[in-house]
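The numbering used here runs 85 ahead of the 1-based position in the sequence shown. Note that CB positions come from ideal geometry on N, CA and C, so glycine has one too. Note that the structure is predicted; figures quoted are calculated from it, not measured. Step one of this worksheet: look at the structure below.
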Amino acid sequence: MQGTWTDLGVRYTAFRDAVGASLRTRTADAGVFSHFVAINAAIGLAVGDDRLVIRSLDNCSVTVIDVVGDRLHLVEGG
């Protein structure tokens, strides 16, 4: 899990980008239950960091991301 999304290639950056696209479709507050990799992908998009793992998340932790316009913003990391 070291390295960057870009290092892995288009198949993986497409996954990361799909995570972000899915979050951007939310029009109201929502709870999204996901796994470590997808949460880190969302955090990376929110903070502009291409690393695969940005935070080591505890089981059942809560990460809060706001969608403002077409951008993701990290409010609280898990």
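Practice item. Report, in whole angstroms, the separation of the C-beta atoms of I128 and G105, which I expect to be a contact under 8 Å. Key: Taking the sequence shown and counting its residues from 1, one reaches residue 128 at position 43. Taking the sequence shown and counting its residues from 1, one reaches residue 105 at position 20. No, I128 and G105 are not in contact; Cβ-Cβ is about 11 Å, not under 8 Å.
Check your understanding: How many angstroms separate the CA atom of L157 from the CA atom of D114?
Key -> Taking the sequence shown and counting its residues from 1, one reaches residue 157 at position 72. Taking the sequence shown and counting its residues from 1, one reaches residue 114 at position 29. So the two alpha carbons sit approximately 13 Å from each other.
**Study point:** Close beta carbons around N125, own chain, < 7 Å, minus the five adjacent residues each side
**Key:** As a first step, residue 125 is located in the sequence shown; it is residue number 40 there, counting from the start. Excluding positions up to five away in sequence, the list reads L137, V138, I139 and R140.
Review point. Any idea if L93 is buried or exposed, counting beta-carbon neighbours within 10 angstroms, 16 or more meaning buried?
Key: Translated into the one-based positions of the sequence shown, residue 93 becomes position 8. The residue is exposed, with fewer than 16 neighbouring Cβ atoms inside 10 Å.
Point to revise | Where A99 falls, given that 16 or more other Cβ within 10 Å makes a residue buried | key: As a first step, residue 99 is located in the sequence shown; it is residue number 14 there, counting from the start. Label assigned to A99: exposed.
**Study point:** Separation of R109 from T148, as counted between CA atoms
**Key:** Residue 148 sits at position 63 when you count from the first residue of the sequence shown. Residue 109 sits at position 24 when you count from the first residue of the sequence shown. Straight-line Cα distance between these residues: approximately 16 Å.
**Study point:** C-beta contact flag for V152 and R101 at 8 Å
**Key:** For the purposes of this step, residue 152 is identified with residue 67 of the sequence shown, where counting begins at 1. For the purposes of this step, residue 101 is identified with residue 16 of the sequence shown, where counting begins at 1. Contact flag unset, no.
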